[in-house]
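Numbering (our numbering), first residue to last: 838 to 1015.
Here you go:
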């Protein structure tokens, strides 16, 4: 007997489907899917959340100096002429950065193996590439989701049955983060 559901797909299609659904679940907080898919997605999602809960405080803050380009009021780089060439002007700025310890870095890389990159498009600029931004789902797992579940030992998701789908009578469920 198999240790997982095959979902009527080849292994590469199944892996892509599960990665896509887990990414959508973590990004949106809930998804609607079939019962069999939800049970498979739940396994992967709960593993990622458990990893994030375990490693959420495993970092140190470090102060670093970084060179940042000076910008004018319009947000464009300030340039000056040096030896007949235009060169950007840089200022040194001190920043505090979170530096992952090795086990948290490993957990981050394991999560990146599963999660796809998500590009968020604002509703007012739909179809325009200029205002899009990438959502860091791994950071969202560590900063937003893990603290919420810090005192729980598993059971981070809930499956609620909605009813049968009209086309093929497959049981549809709502899979959500509790």
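For every residue, glycine included, the Cβ atom is placed at its ideal position computed from N, Cα and C.
In this structure, does DSSP put residue 991 in helix, strand or coil?
Coil, per DSSP.
| said: Can you give me the C-alpha to C-alpha distance between residue 1012 and residue 839, rounded to a whole angstrom? | reply: Linking residue 1012 to residue 839 through their CA atoms gives a straight-line distance of about 23 Å.
So what does DSSP say about residue 936, is it helix, strand or coil? It is a strand residue.
**Report entry** Beta bridge counterpart(s) of residue 1001 as assigned by DSSP
**Finding:** Answer by DSSP bridge pairing, in chain order: 1008.
request  = Tell whether a beta-carbon distance below 8 Å holds between residue 863 and residue 877.
outcome  = In this structure, residue 877 does not lie closer than 8 Å to residue 863 by Cβ.
Beta-carbon spacing of residue 935, residue 898 below 8 Å
Yes, the pair counts as a contact, with Cβ atoms nearer than the cut-off.
Answer with buried or exposed for residue 858, where buried requires no fewer than 16 other C-beta atoms within 10 angstroms of its C-beta. Only buried fits residue 858, as 16 or more other CB atoms lie within 10 angstroms of its CB.
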